[in-house]
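K.L.:
First residue of the sequence shown? That's 34 in this note's numbering, and the numbers climb one at a time after it.
In this text, a Cβ means the ideal position worked out from N, Cα and C, and glycines have one as well.
These numbers come from a predicted model, not from an experiment.
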Amino acid sequence: MKKAKKTEDGGSTCINMDRISKLPEEILQRILYFLSQKQAVRTSVLSKSWRNIWCTRPNLDFSDDTFKGNKQYFLSVVNNTLQRYRDQRLCVKKFHLRISLGDNTYKESVSFLEKWVPRFTAMGVGAFRLSILSKNECVDMSSVVFKAESLKLLRLFNCDLGQNTPKNIPFVRLTVLRLIKVLINKDIFNKIVWSCPLLTTMLIEQCRGLENVTLEKTRHKYLKHFTFRTIDDRCSVEIDILTLETIDILGCQ
Numbered sequence: 034m035k036k037a038k039k040t041e042d043g044g045s046t047c048i049n050m051d052r053i054s055k056l057p058e059e060i061l062q063r064i065l066y067f068l069s070q071k072q073a074v075r076t077s078v079l080s081k082s083w084r085n086i087w088c089t090r091p092n093l094d095f096s097d098d099t100f101k102g103n104k105q106y107f108l109s110v111v112n113n114t115l116q117r118y119r120d121q122r123l124c125v126k127k128f129h130l131r132i133s134l135g136d137n138t139y140k141e142s143v144s145f146l147e148k149w150v151p152r153f154t155a156m157g158v159g160a161f162r163l164s165i166l167s168k169n170e171c172v173d174m175s176s177v178v179f180k181a182e183s184l185k186l187l188r189l190f191n192c193d194l195g196q197n198t199p200k201n202i203p204f205v206r207l208t209v210l211r212l213i214k215v216l217i218n219k220d221i222f223n224k225i226v227w228s229c230p231l232l233t234t235m236l237i238e239q240c241r242g243l244e245n246v247t248l249e250k251t252r253h254k255y256l257k258h259f260t261f262r263t264i265d266d267r268c269s270v271e272i273d274i275l276t277l278e279t280i281d282i283l284g285c286q
């Protein structure tokens, strides 16, 4: 921002009044915290003070939709960003990753997730939101999902959560669970939902392997929104929760 000031000869000059850029870096980071990744990058042209601030913002948001199908470049960008944050010991309070798995790159994508997801806790990631969409074949994501201790939101589409129940499922922060066309057995499903004391929203749609779903008030004290849709009329749902505000059940007993 600039303000005009009169000179002794009656003319005027411009004085730089960019007060925001003179704020402490902690304040600038707080401003960037409320912007999207794209908006944060755009702030680099505001002034010299803003040029590199976005590179150390405490929340990261990546979606392969914005890379127009160039999956390898997308993975490279995310990998390099996370490596830089790790090397410089930068704080990551929130990390949101949306990734689709196609025919040619799904192995590379799974390998990337297996590498980084277990490291997020050590990096101090407080809230991890993960959305995985498998476009074709059902991909086993158990090696990734069950190591994501900082998960706050989990959305899986056309994925397999394996057949072996892990000893521990560290979903103590998870508040939103959305499973669509996921292959999951009863034991793993129960262990997941029993490991989420803060769960507020649950959506289960056309998941294979589930026959009975039971929700109890002692385990789901904060659950407010529950959706269950299936084409298998052998499924049954039992609910004993008083906190629910919305219930949407279709196609089961």
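1. Within a Cβ cutoff of 8 Å, which residues of the same chain sit near Gly-284, ignoring the five residues on either side of it in sequence?
2. In the DSSP output, what is Thr-279 paired with across the bridge?
3. Between the alpha carbons of Leu-93 and Asn-113, how many angstroms are there, rounded?
4. Just the Cα atoms here: how many angstroms apart are Cys-240 and Phe-95?
5. Does DSSP classify Arg-117 as helix, strand or coil?
6. Got a sec, what are the start and stop residues for the alpha helix (DSSP H) Val-178 sits in?
7. For Thr-260, I'd like the list of residues in its chain whose CB is within less than 6 Å of its CB, leaving aside the five on either flank, ordered along the chain.
8. Excluding five sequence neighbours on each side, which residues of the same chain lie with their C-beta closer than 6 Å to the C-beta of Ala-160?
9. Around the Cβ of Ala-155, are there at least 16 other Cβ atoms within 10 angstroms (buried) or fewer (exposed)?
10. Does the region 127-147 come into contact with the region 193-211, if we say contact requires no fewer than three beta-carbon pairs (one atom in each stretch) closer than 8 Å?
11. Using the Cα positions of Thr-234 and Leu-146, report the straight-line distance between them to the nearest angstrom.
12. Return the Cβ separation of Leu-275 and Lys-250 in integer angstroms, given the expectation that the two are a contact with Cβ distance under 8 Å.
13. Find out if the Cβ-Cβ distance for the pair Asp-220, Gly-195 is shorter than 8 Å.
P.N.:
In brief:
1. For this step, residue 284 is matched to residue 251 along the sequence shown. Excluding positions up to five away in sequence, the list reads Arg-262, Thr-263, Ile-264, Asp-265, Asp-266, Cys-268.
2. Against the sequence shown, residue 279 aligns to sequence position 246. DSSP, once it has assigned bridges, lists His-258 as partnering Thr-279.
3. For the purposes of this step, residue 93 is taken as the residue at position 60 of the sequence shown. For the purposes of this step, residue 113 is taken as the residue at position 80 of the sequence shown. Rounded to whole angstroms, Leu-93 to Asn-113 spans 13 Å at the Cα level.
4. Looking up residue 240 in the sequence shown gives position 207. Looking up residue 95 in the sequence shown gives position 62. One alpha carbon belongs to Cys-240, the other to Phe-95, and they sit about 27 Å apart.
5. For the purposes of this step, residue 117 is taken as the residue at position 84 of the sequence shown. Arg-117 falls in the helix class under three-state DSSP.
6. Taking the first residue of the sequence shown as 1, we reach residue 178 at position 145. First-last of the alpha helix (DSSP H) with Val-178: 175-178.
7. Indexing the sequence shown from 1 puts residue 260 at position 227. Hits under 6 Å: Leu-236, Asp-281.
8. Mapped onto the sequence shown, residue 160 falls at position 127. For Ala-160, where only same-chain residues beyond five positions count, the Cβ hits under 6 Å are Lys-127, Lys-185.
9. For the purposes of this step, residue 155 is identified with residue 122 of the sequence shown, where counting begins at 1. By the 10 Å Cβ count, Ala-155 comes out exposed.
10. no
11. Against the sequence shown, residue 234 aligns to sequence position 201. Against the sequence shown, residue 146 aligns to sequence position 113. Looking at the backbone, the Cα of Thr-234 and that of Leu-146 are separated by about 24 Å.
12. Counting from one through the sequence shown, the residue named residue 275 turns up at place 242. Counting from one through the sequence shown, the residue named residue 250 turns up at place 217. Their Cβ separation, rounded to whole angstroms, is 6 Å, which keeps Leu-275 and Lys-250 in contact under 8 Å.
13. Position 187 of the sequence shown, counted from the first residue, corresponds to residue 220. Position 162 of the sequence shown, counted from the first residue, corresponds to residue 195. Their beta carbons are not under 8 Å apart, which means Asp-220 does not touch Gly-195 by this criterion.
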